[in-house]
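Asker:
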């Protein structure tokens with residue numbers, strides 16, 4: 001009669017557990033690179049990615065740059081977080097919304113920013129101000145999905161799934177103008193008859209598009225993020241995809257923000273915020289250097 005022999009299984013399980021712990025410390029990502037001869041190569045990065053303290057305890061919906069070293073993010077934990085992405089330190093947390101934060105808009109060259117939420121509210125915050133919002137904007141009947149601040153910071157425009165655009169006076173918090181729009185309205189931006197460029201390559205919803213600084217690039221470029229877990233860099237004029245970085249295991253990518261001339265911040269469903277570095281030294285490249 002043969003009896004089951006368990007020790008080897010236990011030893012094997014322990015070995016697997018140890019290997020799992022070691023592998024979990026390495027962040028693998030794949031990317032596609034278009035060579036000058038037109039051949040598309042797929043490469044795998046195996047460098048360890050710096051893990052900072054998480055900014056949020058749940059899905060991150062949006063990230064925006066407040067300054068050259070600070071970003072502000074929001075998500076399902078209903079909290080807006082000011083984070084020093086160069087040191088990995090949380091600077092301050094802002095709580096006031098009752099539901100998920102959907103959008104963040106920062107005031108240029110200021111310590112102030114706006115947050116929009118599924119609670120239909122928009123709040124104005126100051127990094128160096130009190131814990132309460134400086135101003136609140138209430139007027140939408142559904143989730144707020146868009147924020148835009150005027151160049152002089154005196155007006156705020158908000159959009160919502162209630163099919164309205166509202167223009168606000170930032171100083172008083174009063175709505176100055178309301179515009180109703182159709183959910184299916186098509187806006188024609190080709191009044192100047194210039195060629196409109198189309199960027200094809202993502203397989204799922206594109207969630208964000210940003211212009212990259214031209215300080216180091218040889219051509220005007222833009223970056224996009226998508227629910228397909230990919231960040232792509234494009235030639236702005238031709239629409240050619242110059243580089244694709246796949247952030248495997250991160251879930252849908254929800255937002256992009258320019259940190260400085262060589263840094264991008266990318267928010268994701270599963271792994272918080274990624275710090276990406278753009279490298280022009282040996283041809284265009286993009287790699288993940290940290291996550292928080």
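Residue numbers (the UniProt record's numbering): 1 to 292.
Cβ coordinates follow ideal geometry from the N, Cα and C atoms, glycine included.
Fair warning: this is a prediction, and the values are worked out from it, not measured in the lab.
#1: In chain order, what residues of the same chain lie with their CB nearer than 8 Å to the CB of residue 291, ignoring the 5 residues before and after it?
#2: Assuming residue 258 and residue 212 form a contact by the criterion Cβ under 8 Å, report the distance between their Cβ atoms to the nearest whole angstrom.
#3: With DSSP as the reference, label residue 181 as helix, strand or coil.
#4: If I follow the unbroken beta strand (DSSP E) through residue 258, where does it start and stop?
#5: Count the other CB atoms, across all protein chains shown, that sit within 10 Å of the CB of residue 176; report buried if there are 16 or more and exposed otherwise.
#6: Could you give the distance in angstroms between the alpha-carbon of residue 232 and the alpha-carbon of residue 245?
#7: What are the partner residues of residue 230, as DSSP defines its beta bridges?
#8: Decide if residue 279 is buried, meaning its Cβ has at least 16 other Cβ atoms within 10 Å, or exposed.
#9: Can the beta-carbon of residue 224 be found less than 7 Å from the beta-carbon of residue 206?
#10: What three-state label does DSSP hand residue 152 in the structure shown?
#11: Would DSSP call residue 77 helix, strand or coil?
Answerer: The answer reads as follows:
#1: Taken in chain order, the residues that qualify are 27, 49, 50, 51, 52, 271, 272, 273, 274 and 275.
#2: At roughly 7 Å, the Cβ-Cβ gap stays under 8 Å, so residue 258 and residue 212 are in contact.
#3: Residue state, collapsed to three classes: coil.
#4: If you look at residue 258, you'll find it in the beta strand (DSSP E) that goes 253-260.
#5: Here residue 176 is exposed. Its C-beta has fewer than 16 other C-beta atoms within 10 Å.
#6: Each residue's Cα considered, the two are about 6 Å apart.
#7: DSSP output for residue 230 lists 246 as bridge partner(s).
#8: Exposed, by the Cβ-count rule.
#9: For residue 224 and residue 206, yes; Cβs fall inside 7 Å.
#10: Of the three classes helix, strand and coil, the one that applies to residue 152 here is coil, per DSSP.
#11: Three-state DSSP puts residue 77 in coil, outside helix and strand.
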